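Residue numbers (the numbering used here), protein chains in the order written: chain W, 159 to 468; chain R, 159 to 468; chain X, 159 to 468; chain S, 159 to 468.
There are 4 protein chains.
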Amino acid sequence: MTAQVPLGDPSDPIEEQRAQSSQTRRATVPAMEDLLYLRHDVLDHGFVRVVDYMGDDAAIVQAARVSYGAGTKKARDDSGLIRYLMRHWHSTPFEMCEIKLHVKLPVFVARQWIRHRTANVNEYSARYSILDREFYIPAPEHLAAQSTTNNQGRGDTLDGEEAARVLDLLRDDATRSYDHYEEMLSQDGQRGLARELARMNLPANIYTQWYWKTDLHNLFHFLRLRADAHAQYEIRTYADTICGIVAQWVPAAYAAFEDYRMNGASLSGPALDCLRRMLAGEQVTKDDSGMSAGEWREFEALIRAKGQEG
Amino acid sequence: MTAQVPLGDPSDPIEEQRAQSSQTRRATVPAMEDLLYLRHDVLDHGFVRVVDYMGDDAAIVQAARVSYGAGTKKARDDSGLIRYLMRHWHSTPFEMCEIKLHVKLPVFVARQWIRHRTANVNEYSARYSILDREFYIPAPEHLAAQSTTNNQGRGDTLDGEEAARVLDLLRDDATRSYDHYEEMLSQDGQRGLARELARMNLPANIYTQWYWKTDLHNLFHFLRLRADAHAQYEIRTYADTICGIVAQWVPAAYAAFEDYRMNGASLSGPALDCLRRMLAGEQVTKDDSGMSAGEWREFEALIRAKGQEG
Amino acid sequence: MTAQVPLGDPSDPIEEQRAQSSQTRRATVPAMEDLLYLRHDVLDHGFVRVVDYMGDDAAIVQAARVSYGAGTKKARDDSGLIRYLMRHWHSTPFEMCEIKLHVKLPVFVARQWIRHRTANVNEYSARYSILDREFYIPAPEHLAAQSTTNNQGRGDTLDGEEAARVLDLLRDDATRSYDHYEEMLSQDGQRGLARELARMNLPANIYTQWYWKTDLHNLFHFLRLRADAHAQYEIRTYADTICGIVAQWVPAAYAAFEDYRMNGASLSGPALDCLRRMLAGEQVTKDDSGMSAGEWREFEALIRAKGQEG
Amino acid sequence: MTAQVPLGDPSDPIEEQRAQSSQTRRATVPAMEDLLYLRHDVLDHGFVRVVDYMGDDAAIVQAARVSYGAGTKKARDDSGLIRYLMRHWHSTPFEMCEIKLHVKLPVFVARQWIRHRTANVNEYSARYSILDREFYIPAPEHLAAQSTTNNQGRGDTLDGEEAARVLDLLRDDATRSYDHYEEMLSQDGQRGLARELARMNLPANIYTQWYWKTDLHNLFHFLRLRADAHAQYEIRTYADTICGIVAQWVPAAYAAFEDYRMNGASLSGPALDCLRRMLAGEQVTKDDSGMSAGEWREFEALIRAKGQEG
């Protein structure tokens, strides 16, 4: 039964990896050492594991000081300098940190993820090897209906009966497709279809896995887009898990990222003009804002004080 | 019926695009104008269409002469210079040409293709839109068995009965998965599952499409790997089709690419040493070659005169 | 005299290039055809010339519609869709346009420029060829003193006497360095130093030139940073010139870029909170803003109504 | 005197960096630990220092096995698998190793180096800071004349008198340019020219420095081109130094790189045909080789047995 055979390297389990320990002169982050190689579960069968990392908050500062010279030294502490770099889009010092993750994820999530091109990837190959019998089946509370106001997003959750019907279809089709995948590969008295062909029968919720390595600047870009409320829930859970890891790896950089990217916003020139007029006491309406209906709606949502939302 | 609605832009058909004509001062290749926007059929439902191109053989030469100065001018004609650049891995002049293709292809081919990172891509989004009911079903002569000597490759073709069984499985599962995809999306008295979720039920042989834009250097790299005999047949047919297009677009560069990349080979230091000894009359065997069994096998296959193969 | 020999290709002057004209089915922009190959003068000896371009505003829309499907068709006209893409950081459709420029620029500007990695470059090679006797000497009104408040920027303009002294030094050293460059290369009765070595005597204000090709998304990123008020004046003049070109090439995309990037701003989470409190009538000071002194200064400058600045 | 103030971070000297030591679970290479942070001197004032590294030979194997599955496990030991990957251009597993270097180098070398785009760079900024008074002056044995047979390369070494004249010019001009740089910056009773402007007076042999981080695949590509006999001597010495480091870091990968890249060669289709005919006993001459004069010359040089060269 292939289903019981784990993908990857069965003779190199996590405990064996964690047992190794060496002295190093490299920048080291104790919190990362604690979680190295451990699985962070995501979705029903997925995970994220940190396999390696390079650098820490101090490495960002060190690189910035090579660039900007001793002048950066006096006035600021490290955290202040990191915030300055983030605020002014000085991205190269963040590129001096690197992380390598082992990720197990459904194929349709992998297809979104891979669109981030500035990363190194080694994916499990279904040309060479046989995929495991593992599929993503959403939890009922994540079975969202198509949004009626938005081409892209999700609307309400399906109710019990419709949800049950959908889950049955997903489970049955995955099971049957995998059964037939195995049948096509089977070599009992037959030659068996080539793996690279048989895989075409497998649905997009089957799990794959890869090693994924990227620098901190590009990782922040990924997280900015994929931990965002508009990202599809399934990839967002991976991004959220990675956010939790990065917060431990480079706490000062992550705090700056949260303030300036995740919790910040970009305003257009017309939006800034409106703001200035509003702060000067003027009443500004959509019609004299110079913005389209969509822009005005987004602008209003952004500036409304949180306590006033209800 | 979504199945009849073509993906892409139905109001902008090929003939309409081809009817437009303008004067331009830009480098123009008549052979490319002839084939612009036309579909080159690939596999059972796929295609490649040239949507735009920039540059020609002369543009490569022009860029090389900016770099290498007037010295490149005297001694060589354009084709000779292009061959020199290709032979000596001067890749930047080839980057001065760019091509934009519209490609329709099965998802499992798209997954291999996207690993070439240095390109621009806009793919049809199954978050926003509903995919068509179109699946790749291999022709019987491409139903290869798993190779018994090679993890990766294909072996012989399946025989009639086994082939028929496989084709039935592929067709039935695709049909059923798509039926259920439609059922899940259906909104008759129900809200319908979000598109971004329903798509997870679709198998890897469903067709997707994208605009793909890359420069000639990176295109050659793609073709070198994907038009190679070791590439999976399905992506190789796309690469072969693109080879035919590039041969018309930049004939001198393509001829150099064929001679130095497609029909050429890389030899290791030990292999070169063996060659020199053999040319000096020495009998060299695997055991005194300094090569492993695998290397020696590949070396022998490479240097054996074609007439002697039988 | 090398000084009179123009860099580049003397037999292929601009008028000859402009005289060529062909029919094409490709997307064509009349305003770009008018300026193709023409020199836009920059600084004292530099220039920017458009050598080729691919795509137009409609090509951005076309790519977006492949991605986002027919749903993007109904509600919006092209300009509205382009603004939506820019606002929501959907960058891939902008990558479907490409431009190739011929640029002549001082070496110290080229060194900043090349840090933008996602571009194709062919630079005039001082290993193969002899550089011209042309140096950037600033106009007196651009001879700025070191800023006393800012490590990076410029302060006031030098006054007449100090300016004259600086200009004399720059001119004399450039002339002498170039004289010696020629002497070292000279082969009268001697073998002459290799060009790749002799060039090391030349100062950073000597002019070089290159072909530079990039896509519109990366070009906007370049312009965002280099047409910014904080960029060094010398590279900013190149960026400003290119802005003028792009405004003619893709007017809708450029207008969106101006509104959302050039004239827009990013606000941090704490800054947004302050804004919401201020709009709700609260008096917010630096001390209860949650911002550092530097952030507060930048925030105040941003939101102060322009009429109130004095 | 700025000249005595070292670039970079004076309070963070090498010994202090080397004194730090931590426990880590990450892949660790004892030979790299021994040389971490130490200066490898290059040219007269330059150096290369390893600041950090990620991965080792086993990390390449580990990534390959994620991709190619358990099948790669049985037949081969690690070194054999690494050689297979290198031979068949499977580059992604090599991207799983990363190295960060601190390099001090002349500006004209930096200008060649930076053309390798797939790397992260933080360079000392002459906008913010004052450059040191340090220039590359070649050793007399590296003062090569321009080659008379080759646009690019160097010919014989200059003889004593001409060499002396060249060295005097280089030294005098560098000294004078730097004196004037300081004068322009000087603020005694004057405001002093902005640093970003004053630097334009400095010649291309002044030293700069940067942090440079790249993955092993791209590093091999850099070394393949820059440790090559056709590379300019000055950058080649840096590449040679880095080769020595990489040989200690990933000895199996480096040995494969040497065999397949550094000591190997690419042969064109026509060259392979000639080889096959020659091995079958045929006498092949340039005229019936199908090769140009240049290709035939390179081909003959490649296949001639080393003992026969005289």
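Glycine residues also receive a C-beta, built at the ideal position from the N, C-alpha and C atoms.
None of these values were measured; they are calculated from a predicted model.
- Relative to serine 287 of chain R, the option among R/Ala352, R/Glu416, R/Gln406 and R/Leu263 whose CA is nearest is R/Ala352.
- The CB of aspartate 314 of chain W comes closer than 8 angstroms to the CB of Arg349 in chain R, given here in chain order.
- Straight through space, the alpha carbons of aspartate 373 of chain X and alanine 410 of chain X are spaced by roughly 16 angstroms.
- Lysine 371 of chain W has W/Lys258 and W/Asn278 as its beta-bridge partners, per DSSP.
- Each residue's CA atom was taken as its position, placing tyrosine 418 of chain W and leucine 425 of chain X some 7 angstroms apart.
- Contacts with chain X at 8 angstroms (Cβ-Cβ) include alanine 303 of chain S.
- In this chain, the beta strand (DSSP E) harbouring alanine 423 of chain S covers 423-425.
- DSSP places tyrosine 391 of chain S within a helical segment (H, G or I) once states are collapsed to three.
- Put simply, the region 247-257 of chain W touches the region 200-211 of chain W. At least three CB pairs are less than 8 angstroms apart.
- Contact annotation, glycine 350 of chain R with alanine 303 of chain W: C-beta distance approximately 6 angstroms; criterion of less than 8 angstroms satisfied.
- The shortest CA-to-CA distance from proline 361 of chain R to any of R/His388, R/Phe378, R/Leu383 and R/Thr333 is the one to R/Thr333.
- Counting the other CB atoms within 10 Å of its CB gives leucine 328 of chain W a total of 16 or more, which places it among the buried residues.
- Per DSSP, alanine 438 of chain W lies in no alpha helix (DSSP H) segment and is marked neither H nor E.
- Within chain W, Ala221, Val224 and Met254 have C-beta atoms less than 7 angstroms from the C-beta of tyrosine 369 of chain S, given in sequence order.
- Contact of glutamate 416 of chain W with chain X is assigned, a C-beta pair being separated by under 8 angstroms.
- With contacts defined by Cβ atoms closer than 8 angstroms, valine 219 of chain S and asparagine 280 of chain W do not form a contacting pair.
- Within the region 372-388 of chain R, no residue has a Cβ lying closer than 7 angstroms to any Cβ of chain W.
- With a 10 Å radius around the Cβ and a threshold of 16 neighbouring Cβ atoms, isoleucine 172 of chain R comes out exposed.
- In the three-state reduction of the DSSP assignment, histidine 248 of chain R falls in the coil class.
- At a C-beta separation below 9 angstroms, aspartate 202 of chain X has no neighbours in chain S, since its nearest C-beta there lies roughly 12 angstroms away.
- Its chain contains Ile288, Gly350, Leu351, Arg353 and Ala356 as the residues whose beta carbon lies nearer than 8 angstroms to that of leucine 343 of chain S, once the 5 sequence neighbours on both sides are disregarded; these appear in chain order.
- According to the DSSP secondary-structure assignment, serine 180 of chain S is paired through a beta bridge with W/Thr182.
- Residue environment analysis places threonine 443 of chain S among the exposed positions, since fewer than 16 neighbouring C-beta atoms fall within 10 angstroms of its C-beta.
- For tyrosine 211 of chain R, no alpha helix (DSSP H) run applies; the uninterrupted beta strand (DSSP E) run containing it begins and ends at 204-212, by DSSP.
- If you check the CB distance, aspartate 331 of chain S and asparagine 359 of chain X come in under 8 angstroms.
- The beta carbon of leucine 239 of chain S does not come within 8 angstroms of any beta carbon belonging to chain R, so the residue lies off that interface.
- For aspartate 445 of chain S, there is no enclosing beta strand (DSSP E), as DSSP marks it with neither H nor E.
- Buried is the label assigned to proline 251 of chain W, since at least 16 other Cβ atoms lie within 10 Å of its Cβ.
- Bounds of the alpha helix (DSSP H) holding histidine 338 of chain W are 318-343.
- With fewer than 16 other Cβ atoms inside 10 Å of its own Cβ, proline 188 of chain R counts as exposed.
- With respect to glycine 313 of chain X, lysine 262 of chain X sits apart: the two C-beta atoms are not nearer than 8 angstroms.
- With respect to leucine 433 of chain R, leucine 433 of chain S sits close: the two C-beta atoms are nearer than 8 angstroms.
- Per DSSP, the continuous beta strand (DSSP E) segment holding alanine 303 of chain W begins and ends at 302-304.
- Between the beta-carbon of tyrosine 369 of chain R and that of alanine 221 of chain X there is about 5 angstroms, and that keeps the pair under the 8 angstroms contact cut.
- With a threshold of 8 angstroms between beta carbons, alanine 423 of chain X makes contact with chain W.
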